[in-house]
Amino acid sequence: MRPGDKIVAVDGRATPEWEQLKSAIESRGGQDVEFTVDRSGKKSIVAATLDERDNRGFLGIGPATQFRNVGVFEAIPESFRVIGGITTGTVEGLARLFSPSGVERYSKNFTSSAPEAGTPSSDERPRSLIGIVDEGSTIVNGNIWALLWLLGGISLILALFNTIPLLPFDGGHAVVVLYEWAASKIMRRKVTVDFRKLMPVTAAVLVIFLVLGLSAMFLDIRQALGS
923 MRPGDKIVAV DGRATPEWEQ LKSAIESRGG QDVEFTVDRS GKKSIVAATL
973 DERDNRGFLG IGPATQFRNV GVFEAIPESF RVIGGITTGT VEGLARLFSP
1023 SGVERYSKNF TSSAPEAGTP SSDERPRSLI GIVDEGSTIV NGNIWALLWL
1073 LGGISLILAL FNTIPLLPFD GGHAVVVLYE WAASKIMRRK VTVDFRKLMP
1123 VTAAVLVIFL VLGLSAMFLD IRQALGS
């Protein structure tokens, strides 16, 4: 395979989207696979024996970032579509991360082998600033528009993260304010929450996210070193 090749099918089954291709590769670890490759408009068959890493197939390829110029009127709905996609992906990602299966998958990162240095990881896990810089440099690759897209995406994700309805996030403060307002309306007197009683919850949330941040930093450093 060569840079710029587009894989359109795996073992005769069409893979129009990157996620479909990724799933097809990961489910065929150690197998002989035939890829239908589109190279400059000409289709050909490329055979390969997939490597197997952590019980998943591995080929050593990645998706290319494609930029498309659009006009002002097309850019407005496209912006809402992209923001909606990032928002949905962030919410779904947080739900997967803190689910029992997500916690189990994340813990396995500490016992599995690290990706080679300089290669993007296929693991869906949180990234620290180190990981963002490491993998972001591969995504940006000197393109100012890719850099702006990456920074915008990170800003949106951080904003959504801050809406988690737990203290000390702003979402937690909003929940407390709404509770005070609703309770005051129902009780017909001013109800005030004693934040001192919420300190154990706040401390627990801080500890959880501190552990999450430090562990993500460790995994990013390990990935950057490739060992």
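So the sequence shown is residues 923 to 1149, counted in our numbering. Every residue gets a Cβ at the ideal spot worked out from N, C-alpha and C, and that includes glycine.
If you check the beta carbons only, do residue i and residue j fall under 9 angstroms apart?
i, j, result
"Q953", "G934", "no"
"E956", "A969", "yes"
"D1142", "G1058", "no"
"V994", "K965", "no"
"T987", "I1061", "yes"
"V1099", "L1120", "no"
Can you give the beta carbon distance from residue i to residue j, rounded, assuming they're within the 8 angstroms contact cut?
i, j, result
"V1123", "E1102", "With a Cβ gap of about 16 angstroms, V1123 and E1102 do not count as contacting."
"L1019", "Y1028", "7 angstroms"
"R1047", "N1031", "6 angstroms"
"F1002", "W1067", "In fact, because the Cβ distance is near 19 angstroms, the residues do not count as touching under 8 angstroms."
"Q942", "D1056", "Contact flag wrong, Cβ pair sits at about 27 angstroms."
Please go through the same chain and pick out, in chain order, the residues whose beta-carbon is closer than 8 angstroms to the beta-carbon of residue i, but skip the five residues on each side of it.
i, result
"V1013", "L1082"
"L1005", "According to the sequence shown, residue 1005 is Ile rather than Leu. If we look at I1005 and ignore the five residues flanking it on each side, its Cβ neighbours are L1078."
"W940", "P985"
Locate the alpha helix (DSSP H) running through residue i, then write down its first and last residues.
i, result
"A986", "That residue, A986, is in no alpha helix (DSSP H); it is neither H nor E in DSSP."
"K944", "940 to 948"
"F1131", "1121 to 1147"
"G1015", "994 to 1019"
Between which two residues does the beta strand (DSSP E) harbouring residue i extend?
i, result
"F957", "954 to 961"
"K928", "928 to 932"
Enumerate in chain order the residues of its own chain whose CB-to-CB distance from residue i is below 6 angstroms, with the five nearest sequence positions on each side excluded.
i, result
"P1022", "none"
Who are the near neighbours of residue i in its chain, counting only those whose CB is closer than 7 angstroms to its CB and skipping five residues on each side?
i, result
"L1069", "V1062"
"V1113", "E1102, A1105, S1106"
"L972", "I947, R950, G951, G952, Q953, V955, G979, F980, L981"
"L1072", "G1058, I1061, V1062"
"A936", "V930"
Quiz item: Hey, is the region 1080 to 1091 in contact with the region 1116 to 1132, meaning 3+ C-beta pairs nearer than 8 angstroms?
Solution: yes
Quiz item: Okay, do the region 958 to 965 and the region 977 to 993 touch, 3+ Cβ pairs below 8 angstroms being the bar?
Solution: no
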